[in-house]
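Below is one structure, written out as structure tokens, with a few remarks after it.
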Ligand SMILES: Cc1ncc(COP(=O)(O)O)c(C=O)c1O
Ligand SMILES: Cc1ncc(COP(=O)(O)O)c(C=O)c1O
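Protein chains in written order, with full-length UniProt numbering: chain A, 1 to 443; chain B, 1 to 443.
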């Protein structure tokens with residue numbers, strides 16, 4: 001018999017992980033397995049290995065020092081190099097001592113939530129949000145997440161007012177709210193939050209006297225016209241820096257998710273002490289810390305690599321955006337990240353949700369999400385395309401899907417073709433327009 | 001303001017970690033820093049780098065597959081190789097699917113305690129025990145540890161009766177006991193538990209209907225005459241295998257503590273599901289998992305390496321044992337591990353504890369531990385020798401110290417010289433015998 005506290009973790013596996021491994025087990029191959037799965041559900045950037053691989057191979061072998069115990073909240077060398085990198089990116093002076101290195105951004109999210117919250121206390125999160133936040137922020141800490149719904153009408157842009165409303169509502173309902181958490185740039189939408197909105201958000205958290213958790217893991221994955229602004233940038237955050245905690249990692253910007261290396265930055269001495277104590281349970285292998293120390297050592301290479309990464313991301317995004325336009329599939333605008341946030345609301349199957357957005361009416365919303373799930377399953381089972389349904393991101397409106405396009409143009413082309421074929425064939429509804437070239441019924 | 005749940009972690013840093021980093025900052029060097037610290041406080045095996053280093057250097061560079069997300073409870077490749085290795089060591093068939101790979105044995109201990117216990121529930125642990133168990137088993141899970149005191153008179157041998165008494169006592173005091181945890185072979189004592197005692201222990205936990213957590217991280221570090229018997233060996237465990245959970249890792253047997261890679265083995269489906277969910281928060285870098293997969297791949301090398309490791313351990317232990325005998329410093333007998341359990345009870349400074357073991361009387365015991373702490377501080381501050389006091393291991397009797405000898409013979413010689421000089425000079429008491437060659441007052 002297992003404990004009650006672990007039950008909240010085993011109750012359900014994150015849908016993201018499930019779909020990932022299913023799709024990975026039988027991957028599409030134009031020649032060997034043409035009916036294989038196209039995995040566009042996982043936020044991996046597969047466009048950079050030619051740049052990263054040779055650098056990894058050229059790093060020196062582990063030394064005797066590598067073999068020995070090191071500070072469990074990160075080696076000073078790695079913390080210094082991360083501090084230097086992010087000081088530039090965030091345009092805020094970040095000290096090595098303010099960082100904790102930990103097992104993935106996941107570990108950093110768990111640490112900050114556990115440092116701030118006791119079981120049952122609440123964290124407000126603008127929605128749609130990265131679905132694993134539920135597990136990462138709440139699974140071990142016992143915190144519960146309260147979504148602050150953003151508006152579908154403007155493509156789910158971040159809104160300080162929406163966060164304020166959720167904070168007021170949660171408190172009115174008796175919740176002890178400890179923090180607001182959000183991803184910046186945002187996953188799944190891909191919005192680069194404008195400085196004005198960030199400044200407003202900081203005013204809101206300050207007015208409510210709650211901490212801000214900014215997951216900036218996509219900080220360097222910005223390809224659009226609007227530059228990235230950190231939640232710690234002094235131009236937006238003059239009074240709340242001690243209560244603002246940054247999460248970052250090497251999974252996205254350096255395309256090394258397997259190495260599960262994240263950091264937490266905080267200027268609060270108390271939170272830092274707590275995070276160090278928690279990092280003790282989820283330290284990163286010294287060998288892997290040395291890999292990242294080695295990569296960051298060459299600042300010239302890093303600058304060039306990140307610039308080329310942005311260029312390739314822009315290209316990848318343009319490719320998928322053009323394809324979607326061609327096939328008449330709408331999406332929210334994006335300036336960062338690895339995905340597009342696809343609006344298939346017009347093609348949800350079954351009664352009650354087709355032909356337009358679901359109403360605010362509860363029944364209708366539930367129908368909408370049931371239809372979304374059906375469409376998701378059809379795409380996965382029939383078309384063998386793995387993208388993730390909006391429900392996995394607590395989308396406030398049904399019909400949205402996250403499609404990760406950083407898997408190479410041929411896969412994306414094939415996936416969009418299959419999706420378009422599926423929605424435009426047989427049961428096209430609503431706003432499918434005549435310009436769409438409906439292809440056959442191949443998977 | 002941080003959470004209440006994190007307060008139990010930040011209240012005090014583990015003494016072990018503290019002393020380690022202080023001693024490491026200014027290490028002894030016969031030429032450059034003759035008054036530097038001798039760190040014999042940390043259970044690191046520094047005798048094997050010449051064997052391990054070249055193997056690590058010869059491993060292939062990470063591949064594109066390394067870079068990507070892998071199952072967060074461990075790659076199938078590593079779990080298979082660990083299963084094969086430990087199936088041999090434990091003389092029990094262990095399947096790859098029954099393993100979870102996690103960040104250190106520390107992570108494995110945290111996972112099993114969290115899977116079994118809710119906050120406030122108890123785990124009985126024979127004492128003296130590895131001091132970090134308090135943090136590892138209790139820090140995040142909220143479990144509290146109840147020591148089962150072993151007898152100083154027989155060198156703190158494991159006793160099933162002592163565990164039974166502690167279980168009965170804890171329950172009588174109203175505790176909800178979920179498990180018994182112990183290290184096997186034992187740290188700090190270095191005992192290889194005899195099969196008969198293990199069988200008795202399994203009868204006791206079965207009679208009390210509690211789980212058994214066997215930390216077998218020193219399974220291959222056995223150098224004495226008695227061979228290792230796993231708690232899962234069918235000859236001692238016929239009825240309680242589903243309730244017996246093994247912890248192991250690469251820190252000790254492979255002398256790679258920096259790489260923080262541990263495993264949990266369980267045959268309980270429920271516990272396995274819980275452990276997998278918890279491993280999500282503390283996965284090991286794919287790059288590091290591949291290092292271990294690569295090492296274990298060559299079974300011939302592994303067998304030779306482990307045999308040579310045992311040979312060197314035996315030699316290192318003989319060296320320190322001879323030195324201690326020479327200086328008249330008593331110790332408990334050991335057949336495994338990296339340390340000796342040193343009895344300096346005869347030389348505790350100050351009133352109330354000198355001249356013999358402290359009585360069972362509470363005041364006297366407290367005095368004894370205060371004196372033990374003074375002697376520890378003197379050795380650290382004046383003699384610059386870092387060994388750990390028994391209190392750090394919840395020793396039931398004061399005056400014992402753990403000295404790790406796997407740091408090379410010259411350091412050990414110097415350290416024992418300093419300790420002997422300290423206790424035999426000025427304030428020699430009790431059973432210091434005339435045969436001791438008391439040297440000067442150098443550090
Ligand atoms: C916003 C966000 N935070 C955290 C993570 C997890 O990062 P890691 O793999 O380093 O734990 C992801 C990965 O998808 C993410 O998108
Ligand atoms: C009995 C025991 N368990 C666990 C550990 C911790 O192992 P790891 O460094 O893999 O977390 C140690 C290390 O000293 C130990 O002695």
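Quick reminder that beta carbons are idealized off the backbone N, C-alpha and C, glycines included.
For residue i, the residue or residues it bridges with in DSSP
{"i": "residue 215 of chain B", "result": "B:183, B:247"}
{"i": "residue 177 of chain A", "result": "A:122"}
{"i": "residue 402 of chain A", "result": "A:341, A:388"}
{"i": "residue 268 of chain A", "result": "In the DSSP output, where bridge partners are listed per residue, residue 268 of chain A has none listed."}
{"i": "residue 33 of chain B", "result": "B:29"}
{"i": "residue 321 of chain B", "result": "None, per the DSSP bridge assignment."}
{"i": "residue 237 of chain B", "result": "Residue 237 of chain B is not bridged to any residue."}
{"i": "residue 102 of chain B", "result": "B:262"}
{"i": "residue 145 of chain A", "result": "A:123"}
{"i": "residue 336 of chain B", "result": "B:222"}
Check: residue i C-beta below 7 angstroms from any heavy atom of ligand 1
{"i": "residue 130 of chain A", "result": "yes"}
{"i": "residue 187 of chain A", "result": "yes"}
{"i": "residue 135 of chain A", "result": "no"}
{"i": "residue 215 of chain A", "result": "yes"}
{"i": "residue 257 of chain A", "result": "yes"}
{"i": "residue 183 of chain A", "result": "yes"}
{"i": "residue 219 of chain A", "result": "no"}
{"i": "residue 43 of chain A", "result": "yes"}
Spatial distance of residue i from residue j (CA atoms)
{"i": "residue 200 of chain B", "j": "residue 244 of chain A", "result": "54 angstroms"}
{"i": "residue 299 of chain B", "j": "residue 254 of chain B", "result": "14 angstroms"}
{"i": "residue 323 of chain A", "j": "residue 413 of chain A", "result": "7 angstroms"}
{"i": "residue 219 of chain A", "j": "residue 230 of chain A", "result": "8 angstroms"}
{"i": "residue 392 of chain A", "j": "residue 158 of chain B", "result": "51 angstroms"}
{"i": "residue 264 of chain B", "j": "residue 111 of chain B", "result": "8 angstroms"}
{"i": "residue 97 of chain B", "j": "residue 108 of chain B", "result": "15 angstroms"}
{"i": "residue 196 of chain A", "j": "residue 173 of chain A", "result": "29 angstroms"}
{"i": "residue 320 of chain B", "j": "residue 409 of chain B", "result": "8 angstroms"}
{"i": "residue 359 of chain A", "j": "residue 365 of chain A", "result": "Because the pLDDT at residue 359 of chain A is just 47, under 50, the model does not fix this residue reliably, and the point stays unresolved."}
{"i": "residue 62 of chain B", "j": "residue 314 of chain A", "result": "27 angstroms"}
{"i": "residue 125 of chain A", "j": "residue 177 of chain A", "result": "11 angstroms"}
{"i": "residue 106 of chain A", "j": "residue 252 of chain A", "result": "13 angstroms"}
{"i": "residue 56 of chain B", "j": "residue 295 of chain B", "result": "8 angstroms"}
{"i": "residue 278 of chain B", "j": "residue 376 of chain B", "result": "37 angstroms"}
{"i": "residue 153 of chain B", "j": "residue 202 of chain B", "result": "24 angstroms"}
Residue i Cβ short of 7 angstroms to ligand 2 heavy atom set
{"i": "residue 249 of chain B", "result": "yes"}
{"i": "residue 102 of chain B", "result": "no"}
{"i": "residue 106 of chain B", "result": "yes"}
{"i": "residue 138 of chain B", "result": "no"}
{"i": "residue 335 of chain B", "result": "no"}
{"i": "residue 262 of chain B", "result": "yes"}
{"i": "residue 275 of chain A", "result": "no"}
Exposed unless 16 or more other CB atoms sit within 10 angstroms - verdict on residue i
{"i": "residue 169 of chain B", "result": "exposed"}
{"i": "residue 382 of chain A", "result": "exposed"}
{"i": "residue 3 of chain A", "result": "buried"}
{"i": "residue 269 of chain A", "result": "exposed"}
{"i": "residue 225 of chain B", "result": "exposed"}
{"i": "residue 424 of chain B", "result": "buried"}
{"i": "residue 415 of chain B", "result": "buried"}
{"i": "residue 192 of chain B", "result": "buried"}
{"i": "residue 242 of chain B", "result": "exposed"}
{"i": "residue 258 of chain B", "result": "buried"}
{"i": "residue 161 of chain B", "result": "exposed"}
{"i": "residue 235 of chain B", "result": "exposed"}
Ligand 3 heavy atom lying under 7 angstroms from the CB of residue i
{"i": "residue 301 of chain A", "result": "Within the structure as shown, ligand 3 is missing, the only ligands being ligand 1 and ligand 2."}
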